[in-house]
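A.B. asks: Under the working numbering, residues 2 to 132 are what the sequence shown spells out, in order.
For glycine and all other residues, C-beta sits at the position ideal for the given N, C-alpha and C.
If you scroll down you'll find the structure; I have some questions about it.
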Amino acid sequence: MPPRSPVAPEAFYTILVRDFATTVFLAGESAQGAGPQEPLAVTVCLEMQVRHPGPEFADDIASVMSYEGVIEGLRALATTGPFATLTAVAEQVACLALADPRVDESWMRVAPVGSGGIPDAVELRRGRPCC
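Pasting the structure below:
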């Protein structure tokens, strides 16, 4: 687990997305020549620190952050791109996470599935302001 930033633990709650499988396209040479490479299977792990609305917040589903938009964005990675690098993919994941103003900080890891000359996993931590 990545180290956390120094914030009061009672001021935040954490939303986790673990091992979300998707495909991305990286720019470069494919077997057919110039253009996007073959699809690259990756897994995405994401941790979002969400600002707690305070002790007086209404106890209903509308008061808490839904990560549905983030999941839809992760699914859309397969039709976006091509990305220059896995770092660019991770930066896009950061933008997805920080699109909700309640998310104060996010950590993500984008890892290729398999081996054979595929780049190493990329880990990033992004906070406000970002994107």
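Which residue marks the beginning of the beta strand (DSSP E) containing residue 44, and which one marks its end?
C.D. replies: Run containing residue 44: 41-52, per the beta strand (DSSP E) assignment.
A.B. asks: Have a look at the DSSP bridge pairing and note the partners of residue 24.
C.D. replies: Partner(s): 42.
A.B. asks: Tell me whether residue 103 sits in a helix, a strand or coil according to DSSP, three-state version.
C.D. replies: Coil, per DSSP.
A.B. asks: Inspect the beta-carbon positions of residue 87 and residue 71 and report whether they are closer than 9 Å.
C.D. replies: Not a contact, by the Cβ cut-off of 9 Å.
A.B. asks: Determine the DSSP secondary structure at residue 76, reduced to helix, strand or coil.
C.D. replies: Correct three-state label for residue 76: helix.
A.B. asks: Since residue 68 sits in a beta bridge, which residues does DSSP pair it with?
C.D. replies: Looking at the DSSP assignment, residue 68 forms no beta bridge with any residue, so it has no partner.
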